[in-house]
Amino acid sequence: LALATENPNPELLLEKPHGRDEALISRNMWLHIIGQGIYQLFWMFFTLYALPALFDYYRIQTREEYYKEECTARLSAPTYNATQTQLYCNWATYCGMPEGDRNSDSCQLYTSYWKQNGGSTPDDDRTAICRTATDCSDWTQFSTAKDNLQTNYDDVEKDQAMKSLSMLFNCFIMMQVANEICARRINNEYTIFHGILQSPIFLTVIVVTLGLQAIIINLLGMFFKVNPLTWHEWLVSMAVGAGIILWSFMLRFFARMWQGTHQAKQVPAAGAAPSNVQLIVAR
2 LALATENPNP ELLLEKPHGR DEALISRNMW LHIIGQGIYQ LFWMFFTLYA
52 LPALFDYYRI QTREEYYKEE CTARLSAPTY NATQTQLYCN WATYCGMPEG
102 DRNSDSCQLY TSYWKQNGGS TPDDDRTAIC RTATDCSDWT QFSTAKDNLQ
152 TNYDDVEKDQ AMKSLSMLFN CFIMMQVANE ICARRINNEY TIFHGILQSP
202 IFLTVIVVTL GLQAIIINLL GMFFKVNPLT WHEWLVSMAV GAGIILWSFM
252 LRFFARMWQG THQAKQVPAA GAAPSNVQLI VAR
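Going from the sequence shown to our numbering is simple: count from 1 and add 1.
What follows is the structure in structure tokens.
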């Protein structure tokens with residue numbers, strides 16, 4: 002909508018006519034599509050995977066860490082007594098149900114029964130807990146406790162991941178806004194800002210887009226599943242978006258340089274005989 006409402010550019014009248022058999026997407030367009038795609042994908046993958054790995058604020062707690070740190074608090078009275086809490090947390094964290102190694106000395110099931118009887122802890126959780134019996138109360142209660150722990154961890158994981166996902170969403174929108182400005186000129190011109198103040202509808206669309214994004218991030222997070230961002234995160238998001246413009250200038254520079262080299266190769270050397278096409282054009 003923003004680009005469709007731009008005023009006509011007189012420079013377009015200087016272009017050669019385009020034939021009906023000409024490709025809808027030119028080489029130059031492919032250059033910018035692929036180039037912008039590389040830039041945006043880099044920052045999206047960086048935000049999604051590198052932020053949690055590099056910065057503690059975006060770090061996502063592993064399930065093993067969660068079980069070790071939160072299990073006792075989650076399996077507390079009156080649902081479970083102290084003995085049950087200690088046992089069930091040990092099984093869930095150290096006995097491979099689901100974390101840990103069930104044949105390690107940290108696993109209470111292994112050290113208290115299976116190791117003493119000269120065997121390894123069975124892979125089947127029910128058999129490992131109930132031993133020779135087909136069913137037992139500990140298995141039933143532990144299954145419920147394990148399901149509750151997994152549900153709680155899923156909620157925690159989603160909440161922690163929301164920080165980096167919110168940042169990704171904001172960076173994505175900032176890059177789209179900057180790319181709209183770059184798309185005002187499609188023939189490798191550097192004048193992407195030329196005449197922008199004479200395009201009120203274009204500017205209105207940009208301002209409305211940024212305004213709605215601010216409202217969504219800061220006020221409507223419950224509906225859009227995002228967290229409010231700090232002003233530091235807003236600055237970083239806008240810097241990532243503005244980088245699109247610098248990246249576009251670099252693409253235009255190399256495209257113009259390649260076009261200049263390509264055209265220079267097509268110019269006949271001094272004293273060279275003109276081609277048949279050149280003779281026809283000269284006539």
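The beta-carbon is built from N, C-alpha and C at its ideal position, and this holds for glycine as well.
Would you mind stating whether Phe-203 and Thr-6 have Cβ atoms separated by less than 9 Å? The answer is yes: Cβ separation under 9 Å.
Name the two residues that bound the continuous alpha helix (DSSP H) containing Val-227. No alpha helix (DSSP H) contains Val-227, which DSSP labels as neither H nor E.
Taking only the alpha-carbon atoms, compute the straight-line gap between Leu-252 and Met-239 and give it to the nearest angstrom. Their backbone Cα atoms lie some 20 Å apart in a straight line.
I'd like the ranges of any alpha helix (DSSP H) spanning at least 4 consecutive residues and lying wholly in the segment 110-176. Within the segment 110-176, the complete alpha helix (DSSP H) runs of at least 4 residues are 126-131.
Taking 7 Å as the limit between beta carbons, can you name the residues of its chain near Leu-2, skipping five residues before and five after? In its chain, beyond the 5 residues on either side, Val-206 have a beta carbon closer than 7 Å to the beta carbon of Leu-2.
Thr-80 burial status per 10 Å Cβ neighbour count (16 or more: buried): Burial call: exposed.
So does Ile-246 have its beta carbon nearer than 8 Å to some heavy atom of the ligand HEM? Questions concerning the ligand HEM fall outside what the structure shown contains, since it holds no ligand whatsoever.
What's the gap between the Cα of Asn-180 and the Cα of Glu-23? Each residue's Cα considered, the two are about 25 Å apart.
Report the rounded CA-to-CA distance for Ile-217 versus Gln-37, giving the unit in angstroms. Roughly 25 Å between the two C-alpha positions.
By the three-class DSSP mapping on this structure, what secondary structure does Cys-108 have? Note: Cys-108 maps to coil in three-state DSSP.
Opening and closing residue of the alpha helix (DSSP H) in which His-33 lies: It spans 28-46 - the alpha helix (DSSP H) in which His-33 sits, taken as one unbroken run.
Taking buried to mean at least 16 other C-beta atoms within 10 Å of its own C-beta, is Ile-39 buried or exposed? Ile-39 is exposed by the Cβ-count criterion.
Between Tyr-89 and the rest of its own chain, which residues show a CB-CB distance below 6 Å, the 5 nearest in sequence each way excluded? Leaving aside the five residues that flank Tyr-89 on each side, the residues in its chain whose CB is nearer than 6 Å to its CB run, in chain order, Leu-76, Phe-143 and Ala-146.
One question on the structure: do Ala-51 and Cys-96 come within less than 9 Å of each other, judged by their Cβ atoms? Against a cut-off of 9 Å, the Cβ pair of Cys-96 and Ala-51 comes out as no contact.
Hey, how far is the Cα of Pro-9 from the Cα of Phe-46? Taking the straight line from one Cα to the other gives about 37 Å.
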